[in-house]
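Comments concern the structure below.
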Amino acid sequence: MDTNDQQLNIENLAELAKINLSGEELKKYKDQINNIIDHFSSLRKIDTENFNSNYWEIDNNKIVEINDLREDEALDSFEKNETFQNVPENENGFIKIRKILDR
1305 MDTNDQQLNI ENLAELAKIN LSGEELKKYK DQINNIIDHF SSLRKIDTEN FNSNYWEIDN
1365 NKIVEINDLR EDEALDSFEK NETFQNVPEN ENGFIKIRKI LDR
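Add 1304 to the 1-based position in the sequence shown for the working numbering, that's all there is to it.
This is how it looks when you write it as structure tokens:
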């Protein structure tokens, strides 16, 4: 990404956020954003093609695969009419609650 494009983006971001940044602050934030972009660019180089998607943890400075995820299973739920028996008010198939926000 071109450095000038990044500075324009920072200026645009500052404008959208309604904050005023000095030239020194723009340079500082541009440098910080460049470092972040460089870091994420280096992550793109990692080969993840043959990586197992299970999760991993570090144990005694060794990476250990944790493979104890349970299978997803659907659980029984309340029927709609059972749910509405326990609510004080409903309307058009929805539970009606008191107004909590003023517009």
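Heads up, the beta-carbon is just placed ideally off N, CA and C, and yes, glycines get one too.
Secondary structure of residue i, DSSP reduced to three states
i       : result
Phe1388 : helix
Ile1314 : helix
Glu1319 : helix
Beta bridge counterpart(s) of residue i as assigned by DSSP
i       : result
Asn1394 : Ile1399
Status (buried if at least 16 other CB within 10 Å, exposed otherwise) for residue i
i       : result
Ile1340 : exposed
8 Å contact criterion, which residue i and residue j should meet: CB distance rounded
i       : j       : result
Leu1330 : Glu1319 : The Cβ separation is near 11 Å, so there is no contact.
**OP:** Report the residue ranges of all beta strand (DSSP E) runs contained in full by the stretch 1321 to 1363; include only those spanning at least 3 residues, in chain order.
**Re:** 1359 to 1363
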